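Residue numbers 21 to 529, in my numbering, belong to the letters of the sequence shown in order.
Contents: one structure, followed by commentary.
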Amino acid sequence: MLNVPPQAFPTPSSQQRVAAGGRGKVPLKPGRSLMDWIRLTKSGKDMAGLKGRLIEVTEDELAKHNKKEDCWICIRGFVYNVTPYMEYHPGGEDELMKAAGTDGTDLFDQVHRWVNYESMLKECLVGRMAAKLIGAPKGMLPEKKVLGASSKDLTPSYDWFQTDSLITIVIYTKQKDMNAELVILDCEDKRLRGEIIVDDSSYLLEVDLDQAIQEDMAVNIAEKVGKVEIILKKKDKVHWKILGQPLENHNTFMKRTDRGLFYRKCKLVSKTEVTHDTKLFCLLLPKSTHLRVPTGQHVYLKQIIAGTEVVKPYTPVLPFLPLDFQEPSCHDSAYIYLMIKIYSCGLFTQALDHLQIGDYISVSNPEGSFKKSQVQTSEDLFLLAAGTGFTPMVKLLNFALTEVSCLRTVKLIFFNRTEDDILWRNQLEQLALKDERFEVQFILSQPIRDWVGKQGMISSSLLSEFVKRSRKDSKVLICICGPAPFTEQGVQYLKDLGYSQEEVHPFIA
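Spelled out as structure tokens, the structure:
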């Protein structure tokens with residue numbers, strides 16, 4: 021999930037905010053669903069309004085199309101006529117109008133970077149933006165876009181060597197605290213892609229290998245010195261003249277937001293029922309992939325539905341909560357577990373639910389701004405979750421209770437409609453018995469008559485009752501996740517109760 025940035029797009033009060041377990045939407049007219057939009061794009065209607073022509077668009081021309089009945093938007097150098105899409109946009113017309121007649125790339129990236137707009141809006145394509153000439157002083161070249169001169173010495177580098185049977189690639193990250201979660205490695209056919217995460221940037225090694233290799237690879241990390249070794253097994257014991265042909269983004273170091281999302285196909289190996297409408301999906305990573313999803317981060321799933329790429333974010337969970345009487349049946353690093361609510365009218369989740377064991381689905385690299393250090397410096401941890409907004413709390417609970425000794429209290433306040441909607445209720449109650457630091461409070465909005473627990477919706481009075489520092493000056497972290505209105509209201513209530521922005525982390529995507 022993503023943290024709410026200051027002055028983000030859309031604004032915190034916007035109905036387009038999407039949180040884990042819920043989607044912030046405005047009511048759409050009948051016949052304006054995603055599937056209706058897909059049907060419209062395939063109807064042959066002239067969506068761009070140019071009778072099939074593509075044109076070069078100047079800034080002045082783009083600026084003229086800034087009304088609801090005539091709205092063009094530029095994303096990454098391509099201009100789209102989004103006028104016909106207005107009534108189909110889940111976030112409403114006002115959100116699209118914020119970028120009307122302008123380059124909306126930055127606004128788009130803050131909330132929608134994961135959306136495959138090229139596929140969704142391909143019939144609305146007007147053309148490319150005209151190149152803007154920038155005059156440079158005589159004898160000088162225009163400055164290239166780089167991370168900055170001061171970062172040059174911190175740019176990772178690599179080397180490689182070989183034996184009769186092995187290829188060893190060494191990446192010198194120049195980072196002291198390198199770990200397995202910061203190294204992402206994929207190899208398909210002969211294409212090797214290794215990405216090293218360095219704060220909000222990444223270093224990419226991407227080559228078409230000189231010769232074929234075996235599927236199984238090894239990754240060794242010297243955490244203190246920041247050295248990463250990638251060990252490949254040759255398929256044939258021949259001498260390699262070169263490591264391989266460099267691909268387009270090979271040996272680059274740039275902001276992660278400037279890189280496109282990378283996907284690999286994962287196999288569905290199990291699908292088990294959690295509640296009446298929620299299932300736990302277990303996905304197997306390819307054998308030639310090294311990927312660890314950090315606590316508090318999410319991945320994107322991509323499916324082709326009616327010929328259109330559709331992408332949604334989900335936060336991986338554990339196969340179960342860390343209880344003594346259960347042991348994992350498989351090595352966690354090879355699997356990704358996703359707890360997903362199946363909506364009866366949900367195009368994406370219905371397609372997920374119809375996947376058969378053995379089918380494949382595309383899974384992206386992890387994204388998210390949450391840092392474990394936020395927990396490691398806290399004494400009181402409060403987790404506010406509604407519905408499947410519980411998913412980012414699963415790994416967070418495990419990390420807090422098993423690795424953070426300075427925590428005095430860990431409290432989960434879990435909001436649901438009915439008892440039947442509570443995810444992993446028995447496990448949570450067992451965990452509370454096992455660890456005296458942990459407490460769980462279930463709150464229902466539509467309980468049956470014999471419910472003896474708390475009931476109601478999120479409110480200032482309810483939070484003031486359950487969210488309290490263990491000591492007057494104790495360091496506190498409050499994480500909140502759920503449908504957009506729940507998250508927005510919760511953040512405001514916490515602010516009204518005197519908690520600072522640094523003490524509150526909303527998960528959204």
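Beta carbons are placed, not taken as given, at the ideal position from N, Cα and C, and that holds for glycine.
Being a predicted model, the structure only gives us computed values, none of them experimental.
Nonlocal neighbours in the same chain, by C-beta distance under 6 Å from residue i, ignoring five residues either side
i, result
"Leu404", "Ile433, Ile500 and Gly510"
"Gly473", "Phe462"
"Glu226", "Arg213, Leu267, Asn269 and His270"
"Phe128", "Ile95"
"Val424", "Val395 and Gln396"
"Val330", "Gln323 and Phe368"
"Thr175", "Phe273"
"Ile187", "Leu252"
Residue environment, residue i, which counts as buried when at least 16 other CB atoms sit within 10 Å
i, result
"Asp94", "Residue 94 is actually Cys in this sequence, not Asp. Buried, because 16 or more other Cβ atoms sit within 10 Å of the Cβ of Cys94."
"His374", "exposed"
"Trp260", "exposed"
"Gly378", "exposed"
"Thr183", "exposed"
"Leu74", "exposed"
"Asn385", "buried"
"Phe181", "exposed"
"His525", "buried"
"Pro336", "buried"
"Ile360", "buried"
"Val245", "exposed"
"Pro25", "Its pLDDT being 35, under 50, Pro25 is placed unreliably in this model, and the coordinates cannot settle the point."
Three-state secondary structure (DSSP) of residue i
i, result
"Met55", "helix"
"Pro505", "helix"
"Asn269", "coil"
"Leu497", "strand"
"Ala119", "coil"
"Leu263", "coil"
"Gly510", "helix"
"Asp297", "coil"
"Gln182", "strand"
"Met477", "coil"
"Ser290", "strand"
"Met140", "helix"
"Glu243", "coil"
"Phe486", "helix"
"Gln461", "strand"
"Leu338", "coil"
Range covered by the beta strand (DSSP E) that runs through residue i
i, result
"Asp379", "Here Asp379 belongs to no beta strand (DSSP E), and DSSP marks it neither H nor E."
"Arg580", "Missing from the structure shown is residue 580; the chain here goes from 21 to 529 and no further."
"Leu186", "Leu186 to Tyr192"
Spatially closest choice to residue i from the options, by CA coordinates
i, options, result
"Val319", "Ser465, Lys275, Leu281 and Thr309", "Leu281"
"Glu387", "Thr277, Thr61, Ile241 and Gln370", "Thr277"
"Ser221", "Tyr363, Met274 and Trp260", "Met274"
"Pro333", "Thr78, Thr411, Leu401 and Asp470", "Thr411"
"Lys257", "Gln396, Thr61, Asp230 and Gly51", "Asp230"
"Phe486", "Cys426, Tyr363, Lys142 and Asp400", "Asp400"
"Pro503", "Lys492, Tyr519 and Phe527", "Phe527"
"Gln317", "Ile356, Ile325 and Val289", "Ile356"
"Thr408", "Val294, Gln475 and Glu508", "Val294"
Beta-carbon contacts of residue i that lie in its chain and below 8 Å, excluding the five residues immediately before and after
i, result
"Asp516", "Ser480"
"Thr122", "Leu82, Ala83, Asn86, Ile93 and Cys94"
"Cys91", "His85, Asn101, Val102, Thr103, Met106, Leu116, Met117, Ala120 and Gly121"
"Glu76", "Gly147, Arg148, Met149 and Ala150"
Residue i, enclosing alpha helix (DSSP H) - first and last residue
i, result
"Ala371", "Leu367 to Asp373"
"Glu79", "Glu79 to Lys84"
"Thr422", "Thr411 to Glu423"
"Glu449", "Arg445 to Lys454"
"Asp197", "Unbroken run through Asp197: none, as it is neither H nor E."
"His132", "Thr125 to His132"
Close-in-space but distant-in-sequence residues of the same chain around residue i (CB under 7 Å, 5 per side omitted)
i, result
"Pro348", "Below a pLDDT of 50, predicted positions are generally treated as unreliable, and Pro348, at 43, falls in that range; the measurement from the model is reported next regardless. Same-chain partners within the cutoff: Pro339."
"Ala452", "Phe458, Glu459 and Val460"
"Ile241", "Met198, Asn199, Ala200, Val203 and Val248"
"His296", "Asp440"
8 Å Cβ cutoff, residue i in contact with chain B
i, result
"Asp256", "No chain B is part of this structure, which consists of one protein chain only."
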